[in-house]
Amino acid sequence: MGDMANSSVDFYPKSQRRELNHAGGFGCTLAELRSLMELRGAEALQKVQETYTDVNGLCRRLKTSPTEGLSDNTADLEKRRQIYGQNFIPPKKPKTFLQLVWEALQDVTLIILEIAAIISLGLSFYAPPGEESEACGNVSAGAEDEGEAEAGWIEGAAILLSVICVVLVTAFNDWSKEKQFRGLQSRIEQEQKFTVIRNGQQVQIPVAELVVGDIAQIKYGDLLPADGVLIQGNDLKIDESSLTGESDHVRKSVDKDPMLLSGKQQDGAVENNQNKAKKQDGAVAMEMQPLKSAEGGEMEEREKKKASVPKKEKSVLQGKLTKLAVQIGKAGLVMSAITVIILVLYFVIETFVIDGKTWLAECTPVYVQYFVKFFIIGVTVLVVAVPEGLPLAVTISLAYSVKKMMKDNNLVRHLDACETMGNATAICSDKTGTLTTNRMTVVQSYMGDTHYKETPDPSNLTPKTLDLLVHAIAINSAYTTKILPPEKEGGLPRQVGNKTECALLGFVLDLRRDYQPVREQIPEEKLYKVYTFNSVRKSMSTVTCMPDGGYRLFSKGASEIVLKKCTNILNSNGELRSFRPRDRDEMVKKVIEPMACDGLRTICIAYRDFPAGKEPEWDNENDIVIDLTCIAVVGIEDPVRPEVPEAIRKCQRAGITVRMVTGDNINTARAIAAKCGIIQPGEDFLCLEGKEFNRRIRNEKGEIEQERLDKIWPKLRVLARSSPTDKHTLVKGIIDSTIGDQRQVVAVTGDGTNDGPALKKADVGFAMGIAGTDVAKEASDIILTDDNFSSIVKAVMWGRNVYDSISKFLQFQLTVNVVAVIVAFTGACITQDSPLKAVQMLWVNLIMDTFASLALATEPPTEALLLRKPYGRNKPLISRTMMKNILGHAVYQLIIIFTLLFVGEIFFDIDSGRNAPLHSPPSEHYTIIFNTFVMMQLFNEINARKIHGERNVFDGIFGNPIFCTIVLGTFGIQVIATIPTSQLKCLKEAGHGPGKDEITDEEMAEDEEEIDHAERELRRGQILWFRGLNRIQTQIRVVKAFRSSLYEGLEKPDTKTSIHNFMTTPEFLINDYIHNIPLIDDTDVEESEGPLRRRFRASPPPSPNKNNNAIDSGIYLSTDVSKTPTSSSSPVSPLHSMETSL
């Protein structure tokens, strides 16, 4: 089939190309080939004859041989690619990461957040004049110190940072999805191979490696990979509908219309997918821009076909999710609007009505800051309400499943197919190759009036019968079908080509004869006429010329069809005996039905001789294939795959009905269905033949009626002798059916070209990766790379897993949302400040949405998924159990959080964080609330792993390392994130303390204020070390003081300026001005400790060890003279108390 030239964008300037072409030494230029390919029919023939005399002339010009093909010389092939281009369309450029980031930024909520954050940032750098602030309401009522004022920018920056995180995560996800999809596409494209002749040998090469001048062989059902010219062919028809819009197949022949165009489906009604047509091909397709190229229109189709990533139509799940997301978004918007309105009104009424303040011009910036704060709280409520993790979870879950399904031999072509598969309620499966091994063998035969239950001994057959049989099988089958020696020692011989023909060739070999010499004697070129096999004829016939000038026709096909055309049969002596309808009925009863009941496929082999002289009218097929003489009937068995019965049992347990649709006869089909377990004895089922099926579903006018179909399909289990239209009718009928509470979701498997329509119509189409034709693969959603039915069960499992993963995530996400929105809303309304700050909400959003979607979406599937019935199309995403879980958890979390919010300070004995003024430092109270909230979500993530009301939520938790990592990681980050970085001022001071003389009384007083922060700032180890040193030092001094009874002039420790700079804390300063060392009395300690202890409780103690807290230690040298007791007790008592304290 022929010379091809696809359009191409010319990489070389014209003059240069001309030189190249002549330098290349080929007799035609790219432009010539291209203009040739634009012609059709008679014009094209004329052009070929004018320019090249005939097709062989064209071959000579392109330096190729019509029988031998090109040589395998790489230099030559490379040269052809250089001159004519490659047969390959460069893929669309993938989106860059930055483009994806830009797309992620288009999200409305994120834009609102960014604006809010920028306003917040701007205002934090604007400090209103200090004096008037008193008049403007409680801006920071003294609680604000410089550190916190300087830290005002943190909130805005943190919001921006979390926005950046969300955007990057989304973009990265899209990017990896795109990458995976490209990998998938390239894998599908690499798997597309085509048969060409090189060095006289048939080789399969990837489509992209075809070059101009290749001789290609095409068979029934192929998609042409490039344009070409037909060299030789039989009964070749091509579907050019995608090009011309005409649905009828176009006949192609060497003498009428030899032009073949790429991307068209070949339908040579060729026996068993083999067309003896060779094609010489000049494939050229460089960077194609169809509209600018020399022949835009024709290439456009192919360009579209290759470059277009399949459009994502909404699957069941996507439809449900979109609806849900919109509902949630609307609710969130309403809540956030109400929050903002309430906050603003509350503030305005309190400030201007109750307190009676007037709006002063200098106060405007302060009020604006308040309003911005309210706006940010409102946006936060919205952000928390919108589950932006949902699309993320779906994508992650689908992408993860698709990747894993590859390992289970499912190559998913459309992402949502794997999720739809989880909802499948019916599978219509082929028999051959899917349920069976597709390795055919002849096990019974009927020849010369004898029914043989195993291979007959050749000596029992007459030489004439045997000879006719060998010729009939060897010649009347595709020459590409062969039996090759096994790959491994002791293995089975390899069957190449059509399996039924392989069985017959194997039968010849079993009869100790060889088919190869017969084929060499009558090569493919010498075959006079071939009526190829197709699903309408259900037979194949070949005509050869006899030495006497007559013709002999060999025919083979489905026994009930071919026997009807037989009028004679060979008897036991190899002579003709008349074969009347009565004999035929007897033969069907005695031979064919018993074979079929054993699950065998029966094939009849026959022949007919035409005398020399007048040549018959070959095109009138009905007059040719008639008056046949039957040589033999053989029964071919295709054993059931060992794993199929178990897989079908699993499907039935999972609520999926398996139906078998096959072209075989009804007895064979029923026998195989029983072996597989599709039909069980005692069940109420139907097994119909195609004809009967059509009779039952059509009305008098011959139109299909849905009600009639509805009576049949629920019980139908086997449809035999069915045509492709029957299969399509059945699938369409089941999908359109309205009986039952929900619409059926139908999966269909198919391998042949004839299955295309049914695969397209089905919800999920499975094509066979090994036996499937290109057309079937194009029409399918999932390709089974091992052609095995049990892989379909895996696909069901993964599909259900995706659905469950999304449900798990939803249950988790909605709990977070409900709680966060209610807390933010009520908190804001009651205390004018959301207990969960914008930044905290965004952090929750990040861990809860992004990470949780990762953790829950990567749960591996379990066999338990196959124990429940499929969810329907109309079942809501959130089941009752999930609703119960969501509301139950939400109520529990709200009770805890509100308890902490309103009475938490009493439990923990801390300052209340409610009603804090603007810009006040983060309070411990709210930090506790935030931590509690996050921890509850973390543990709820573990609860969310089960959604069907199972008790044990830890079941199989270690089987998912991603989940464990994420939960622990989130916990770790949360712990680190909430350790308070207290006053920034101390950080500045940490390195260099004041010198010896710089310490003044005011500083000491200030230090006393600072003590808790400074201590917290230092590392615990340092604190312990310095305290220990200081105490020992102080003690030594006190002891010395007692020993020398020097009660006066006690000087300060001189090492004060060295390492003790860190500890310029009042408790260790022994005041020099006091001339008597205070005695440490219990009452005294109590008194002096009171005020300080209260101060200290406000901040968490630096270490759990009570003894290390300076306040609780016994040594307390008071700096206050007034408190010094007058009574001096014996010298023992102070020492004593010191020792105990140590």
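With the numbering used here applied, the sequence shown corresponds to residues 1080 to 2221, in that order.
Glycine is no exception: its CB is placed at the ideal position from the N, C-alpha and C atoms.
Residue i classed as buried or exposed, judged by whether at least 16 other C-beta atoms fall within 10 angstroms
i       : result
PRO1803 : buried
ALA1691 : exposed
PRO2170 : At PRO2170 the pLDDT is 43, less than 50, meaning the model places this residue with poor confidence; the figure from the coordinates comes in the next sentence. By the 10 Å Cβ count, PRO2170 comes out exposed.
PHE2018 : exposed
GLU1604 : exposed
ARG1970 : A small fix is needed here, since residue 1970 is Val in this sequence, not Arg. It is exposed - the Cβ of VAL1970 has fewer than 16 other Cβ atoms within 10 Å.
ALA1295 : buried
GLU1694 : exposed
ARG1796 : buried
GLN1448 : buried
TRP1922 : buried
GLU1779 : exposed
GLU2223 : Here the chain covers residues 1080 to 2221 and nothing more, so residue 2223 does not appear.
MET1625 : exposed
GLU1665 : exposed
GLN1972 : buried
CYS1676 : exposed
PRO1389 : Reliability fails at PRO1389, whose pLDDT of 37 lies under 50, so the model's placement of it is uncertain and the value that follows must be treated cautiously. By the 10 Å Cβ count, PRO1389 comes out exposed.
Nearest-angstrom Cα separation, counted from residue j out to residue i
i       : j       : result
HIS2092 : TYR2005 : Note on HIS2092: pLDDT 48, under 50, position unreliable in the model; the coordinate value appears next. The alpha-carbon atoms of HIS2092 and TYR2005 are separated by roughly 18 Å.
LEU1798 : ALA1551 : 31 Å
SER1199 : LEU1177 : 27 Å
ARG1947 : ASP1883 : 12 Å
ASP1698 : GLY1398 : 53 Å
ASN2010 : VAL1242 : 21 Å
THR1511 : ALA1850 : 10 Å
ASN2222 : LYS1331 : Outside the shown range of the chain, which is 1080 to 2221, sits residue 2222, and nothing can be said about it.
PHE1764 : LEU1632 : 42 Å
PHE1586 : VAL1615 : 26 Å
GLU1722 : LYS1486 : 18 Å
TRP2104 : ILE2111 : 11 Å
LYS1790 : ARG1959 : 34 Å
ILE1407 : ALA1826 : 33 Å
THR1278 : LEU1469 : In the sequence under discussion, the amino acid at residue 1278 is Asn, which differs from the Thr named in the question. Near 57 Å, if we compare the C-alpha coordinates of LEU1469 and ASN1278.
CYS1755 : ALA1685 : 33 Å
CYS1683 : LEU1156 : 46 Å
LEU1945 : LEU1956 : 19 Å
GLN2114 : ILE2007 : 39 Å
TYR2195 : MET1920 : Below a pLDDT of 50, predicted positions are generally treated as unreliable, and TYR2195, at 42, falls in that range; the measurement from the model is reported next regardless. Distance between the alpha carbons of TYR2195 and MET1920 is about 45 Å.
THR1434 : ASN1994 : Sequence check: residue 1434 is Asp here, not Thr. Taking the straight line from one Cα to the other gives about 16 Å.
Integer-rounded CB distance, given that residue j should sit under 8 Å from residue i
i       : j       : result
ASP1830 : ASP1627 : The pair is not a contact, with the Cβ atoms about 43 Å apart (cut-off 8 Å).
VAL1854 : GLY1307 : Not really, about 18 Å apart at Cβ, beyond 8 Å.
VAL1641 : TYR1630 : So it is not a contact: roughly 19 Å between Cβ atoms.
Strand pairing of residue i, partner residues [DSSP]
i       : result
HIS1530 : TYR1525
GLY1844 : VAL1827
MET1739 : SER1508 and VAL1797
ILE1783 : ARG1777
CYS1709 : ILE1648 and ALA1685
ASN1489 : LEU1863
LYS1316 : ARG1330
CYS1766 : VAL1797
GLU1716 : THR1520
ILE1562 : GLN1574
LEU1979 : BP columns for LEU1979 are empty, so no partner.
GLY1457 : Answer by DSSP bridge pairing: none, since GLY1457 is not bridged.
MET2015 : DSSP lists no partner for MET2015.
Interface flag, residue i vs chain C, CB-CB below 7 Å
i       : result
HIS1550 : Annotation note: the requested chain C is absent from the structure, which comprises a single protein chain.
| request: Taking only runs that begin and end inside the region 1104-1187, name each unbroken beta strand (DSSP E) of 3 or more residues, in chain order. | output: none
| request: With a floor of 4 residues, list each alpha helix (DSSP H) that falls wholly inside the region 1576-1640, ordered by position along the chain. | output: Counting only runs of 4 or more, we get 1578-1589 and 1595-1600.
| Taking the runs of the alpha helix (DSSP H) that are 4 residues or longer, which of them lie wholly in the region 2034-2060? | Uninterrupted alpha helix (DSSP H) stretches at least 4 residues long and entirely within the region 2034-2060 occur at 2040-2056, given in chain order.
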